[in-house]
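A.B. asks:
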Ligand SMILES: Cc1ncc(COP(=O)(O)O)c(C=O)c1O
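Residue numbers (the numbering used here): 1 to 387.
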């Protein structure tokens, strides 16, 4: 019940309490750092959940958004929008999928929702195959393909999604043989599961099996894509080309943008997909500015270099259960719960990190992070675990 102060017109609307919060409020950001109202500086090793790709408040990004909103912030998808075309053209070139087409939406879940829909329209089949511990978002189809019963409502539960273990090609083939599947949906690297890596052989095997059984291969690169692993997409480390790729998070550095890259064999028809906000002028300006910075500042190369450094230094630390990841997508698994360590990193060392499950610490910093920040994290981390 909301709290009342005695009069009906002075009821207070509270926030729907679904997020456990740290009692910290960043009010300003710059590069890899955020600041609270007192000016206290925090090193951001989490990028607001892999969203901050080019760093907080990058001047080129700020300027591009400010100029666009002053000119035209939004118009609907019923008129020409050359910014969308320019963005698709630039993205295709940067990521090596120039022959694919692009559909813009507003979030990762929505991108996956559209990807599933496309595969189902294309094949006329209704089932998708997903993987144990997968996370694909919270909209109906995406959450049904997410392996966490706690967030799947009875409405979302469906026999149209089946799960098999990651890296188990025999289980995949057994299911595909049964028929009825329009798609296999897999993360480039499983993020919420605690940075679980599909092997190169597994991804190549998935490509072979999906082609053999006439099923679309959808790569969810929402967390693992956009340069985070040192390649534009994580699946490019395995040398495969999926039929559909979904992107979001780092694509616009915090402006809500999602997208679907679609292979040439999918046919579009008017009305097939749609959105009010997706691909609006402001979203495109933000996404274009992000690509400018990624290219000009060679951030993918930087993610590779600083990521390798972090991974090699972490590998030298004894007492860790496992260190997993690629580039700046890193999971550090301990043999005990990680919540207290994360809390101490935040409140004593002023470093934001992420968690996954009970015992994995997740690092997803901006791709622009330097050695200085990596060393600062490593020192703080070692200090605390060696106590
Ligand atoms: C791999 C993956 N897919 C999909 C999503 C959902 O994205 P959004 O929260 O933008 O809907 C996430 C978010 O964490 C994710 O990590």
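Where is the CB? At the ideal position from N, CA and C, for every residue including glycine.
With distances taken Cα to Cα, identify the nearest neighbour of residue 190 among 24, 335, 234.
C.D. replies: The residue with the shortest Cα to Cα distance from residue 190 is 234.
A.B. asks: Can you check DSSP and say which residues form a bridge with residue 363?
C.D. replies: Residue 363 pairs with 330.
A.B. asks: What residues in its chain sit with their C-beta under 6 angstroms from that of residue 286, if we drop five residues either side in the sequence?
C.D. replies: Taken in chain order, the residues that qualify are 65, 252, 255.
A.B. asks: Taking just the CA atoms, how far does residue 214 sit from residue 360?
C.D. replies: Taking the straight line joining both Cα atoms gives about 37 angstroms.
A.B. asks: Curious, which full-length beta strand (DSSP E) runs of at least 3 residues does the stretch 41-108 contain?
C.D. replies: Listed in chain order, they are 41-44, 101-105.
A.B. asks: For the beta strand (DSSP E) that residue 157 lies in, which residues bound it at each end?
C.D. replies: In the DSSP assignment, residue 157 falls outside any beta strand (DSSP E), carrying neither H nor E.
A.B. asks: Judging by CA-CA distance, which residue of 210, 188, 344 is the nearest neighbour of residue 327?
C.D. replies: 188
A.B. asks: DSSP three-state label for residue 246, please.
C.D. replies: strand
A.B. asks: Consider the C-beta atom of residue 260 and the heavy atoms of ligand 1; say whether any pair is separated by less than 7 angstroms.
C.D. replies: no
A.B. asks: Using three-state DSSP, classify residue 426 as helix, strand or coil.
C.D. replies: Since the first residue of the chain shown is 1 and the last is 387, residue 426 is not available in this structure.
A.B. asks: Return the residue from the list 90, 216, 333 that minimises the CA-CA distance to residue 289.
C.D. replies: 90
A.B. asks: Please identify the residue among 51, 22, 150 whose C-alpha is closest to the C-alpha of residue 224.
C.D. replies: 51
A.B. asks: Reducing DSSP to helix, strand and coil, say where residue 22 ends up.
C.D. replies: Coil at residue 22, not helix or strand.
A.B. asks: Within its chain, find whatever has a CB closer than 6 angstroms to the CB of residue 98; leave out the 5 residues flanking it on each side and keep chain order.
C.D. replies: 92
A.B. asks: Compute the Euclidean distance between the alpha carbons of residue 1 and residue 15, then round it to the nearest angstrom.
C.D. replies: With a pLDDT of 45 at residue 1, under the threshold of 50, the modelled position of that residue is not reliable, and the figure given next carries that caveat. Taking the straight line from one Cα to the other gives about 12 angstroms.
A.B. asks: Could you check whether the Cβ of residue 128 sits closer than 7 angstroms to any heavy atom belonging to ligand 1?
C.D. replies: no
A.B. asks: Quick one: grab the DSSP three-state call for residue 255.
C.D. replies: strand
A.B. asks: Quick one: Cα of residue 335 to Cα of residue 318, how far?
C.D. replies: Looking at the backbone, the Cα of residue 335 and that of residue 318 are separated by about 12 angstroms.
A.B. asks: Determine the DSSP secondary structure at residue 125, reduced to helix, strand or coil.
C.D. replies: Three-state DSSP puts residue 125 in coil, outside helix and strand.
A.B. asks: Can the beta-carbon of residue 281 be found closer than 8 angstroms to that of residue 68?
C.D. replies: yes
A.B. asks: Taking the straight line between their C-alpha atoms, what separation do you get for residue 26 and residue 138?
C.D. replies: 26 angstroms
A.B. asks: If I measure Cβ to Cβ from residue 342 and keep anything under 6 angstroms in the same chain, skipping five residues before and after, which residues do I get?
C.D. replies: Closer than 6 angstroms at the Cβ level, and outside the excluded window around residue 342, lie 353, 355.
A.B. asks: Just to confirm my understanding: we take residue 147, look at its own chain, exclude 5 residues before and 5 after, and list those with CB closer than 6 angstroms. What are they?
C.D. replies: Within the same chain, and ignoring the five residues on either side of residue 147 in sequence, the residues whose Cβ sits closer than 6 angstroms to its Cβ are 132, 133, 134, 163.
A.B. asks: Contact check, residue 31 vs residue 56 under 8 angstroms by CB: the rounded distance?
C.D. replies: 6 angstroms
A.B. asks: Taking just the CA atoms, how far does residue 150 sit from residue 143?
C.D. replies: 10 angstroms
A.B. asks: Please classify residue 369 as buried or exposed, where buried requires at least 16 neighbouring CB atoms within 10 angstroms.
C.D. replies: buried
A.B. asks: From the DSSP output, in three-state form, read off residue 133 for me.
C.D. replies: It is coil, neither helix nor strand.
A.B. asks: What are the partner residues of residue 216, as DSSP defines its beta bridges?
C.D. replies: 183
A.B. asks: Within the same chain, show all residues whose beta-carbon is closer than 6 angstroms to that of residue 173, passing over the 5 residues directly before and after it, in chain order.
C.D. replies: The residues 209, in chain order, have a CB closer than 6 angstroms to that of residue 173 in the same chain once the five nearest residues on each side in sequence are set aside.
A.B. asks: What do you reckon, is the C-beta of residue 107 under 7 angstroms from a heavy atom of ligand 1?
C.D. replies: yes
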